[in-house]
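In my numbering, the protein residues as written are 13 to 445. In this text, a Cβ means the ideal position worked out from N, Cα and C, and glycines have one as well. One structure below.
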């Protein structure tokens, strides 16, 4: 069902012409009667509006936009329901999306790309102060409009935004991920509680594409994109586009925003904005500034590989149930993983598929091929089995995507990072309790 030109919604908005349409709704240019003002009228499809939770999400967007007053956000005028139509009246802007710009121009010059990112960060600063996390930053949600002092970025679509702090009235539950896979932070994909650093990761993905013309990971199936953001290191910008000349300091700033762990990213939007502004102040081609003591401190991992302990390692809760490690044929990796878990503070021992598994707080299955994935799924489906994590090489995409799609609790890349291991096993044990 679509709205017709001339139709009046909510007794105050007359439809003038369609502006765009998507899977959830459509946007029209409308006249606000009485004021003669032209607005962008976002209208949800009736079948979407009637779905559980979606009307609340739509209302949340209206509340978020009304609360966020910034030149880089879209002003909201009104919200309402007319028959089966939910609608949101917003400021009408003219221009194009960053997605359209990238499709036409490809990689942007460094000053242009960084300048756009700085403007987005200004909006994020204002949003994060209010406890608002956008959760869906991507080129399609960044709009460019002409301005007296040049191009201005408008951040659109706060429909997935959350309000943190004491309100934290999230429309998604912990463990549920919503967003666009190519731009979601690892913690958002896991359905974990978020703070502003999740938006910084998403912006890092956007800036990566602005500078190189390609996303951090190529277009592929959603599960593979998600697996890449969860486990695969982001290729350096110079590797993605060796033909481009990019300042080393800029590359370092972008890659820091794209760290897997939020603790390793800039602490807030203000810090990242200042780091990008510092890049603009440097001569092109200037080397990345050295940090004090850089290159002098190294750490050794726990048995299976190197670990970069730049943040404090969380410790498991004492007295937790033991962790079982299971692999066919007594694999050396099985014993090494038990040693690694022990070094991280867990009780751990080799398990057998034939024994009762209810006494374990978590079960790690060491992959030895696709049959291990089948075995892990079968164990996870067995009543009384604790959360099952599959361990294997991060470049085996069939295993990674199979684990993510197959009902397992998580995937642990080998060689293990102790911080990553502790976080995932601790979460599994918490679920078991």
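Residue i - partner residues in DSSP beta bridges
i, result
"residue 404", "425"
"residue 94", "97"
"residue 351", "None, per the DSSP bridge assignment."
"residue 372", "DSSP output for residue 372 lists no bridge partner at all."
"residue 361", "336"
"residue 378", "403"
"residue 26", "20 and 43"
"residue 88", "102"
"residue 109", "155"
Separation of residue j from residue i, as counted between CA atoms
i, j, result
"residue 391", "residue 154", "45 angstroms"
"residue 426", "residue 379", "10 angstroms"
"residue 96", "residue 65", "15 angstroms"
"residue 88", "residue 411", "46 angstroms"
"residue 229", "residue 383", "28 angstroms"
"residue 31", "residue 158", "18 angstroms"
"residue 77", "residue 200", "22 angstroms"
"residue 244", "residue 166", "31 angstroms"
"residue 272", "residue 42", "43 angstroms"
"residue 22", "residue 86", "21 angstroms"
"residue 304", "residue 375", "Confidence is the limiting factor: at residue 304 the pLDDT is only 43, short of 50, which leaves the residue's position unreliable and the question unanswerable from this model."
"residue 214", "residue 224", "16 angstroms"
"residue 80", "residue 250", "37 angstroms"
"residue 127", "residue 114", "15 angstroms"
"residue 138", "residue 125", "21 angstroms"
"residue 372", "residue 398", "6 angstroms"
"residue 202", "residue 151", "22 angstroms"
"residue 260", "residue 284", "16 angstroms"
"residue 133", "residue 281", "6 angstroms"
Within 8 angstroms, strictly: CB atoms of residue i and residue j
i, j, result
"residue 53", "residue 39", "yes"
"residue 216", "residue 269", "yes"
"residue 288", "residue 130", "yes"
"residue 393", "residue 377", "no"
"residue 362", "residue 337", "yes"
"residue 409", "residue 239", "yes"
"residue 122", "residue 258", "yes"
"residue 67", "residue 98", "yes"
"residue 436", "residue 422", "yes"
"residue 135", "residue 82", "yes"
"residue 433", "residue 415", "no"
"residue 237", "residue 194", "yes"
Terminal residues of the alpha helix (DSSP H) in which residue i lies
i, result
"residue 235", "234-243"
"residue 164", "Looking at the DSSP string, residue 164 is not in any alpha helix (DSSP H); the run it does join, the beta strand (DSSP E), is 162-167."
"residue 284", "281-293"
"residue 2", "This structure cannot settle anything about residue 2, because the visible part of the chain is limited to 13 through 445."
"residue 265", "260-269"
"residue 250", "249-252"
"residue 412", "409-417"
"residue 199", "198-201"
Extent of the continuous beta strand (DSSP E) run through residue i
i, result
"residue 156", "154-159"
Any non-hydrogen atom of the ligand MG within 7 angstroms of residue i CB
i, result
"residue 95", "This structure does not include the ligand MG; it has no bound ligands of any sort."
Inset, instruction - Run through the region 29-75 for me and flag every whole beta strand (DSSP E) of 3 or more residues, listed as ranges in chain order. - result: 37-44 and 49-56
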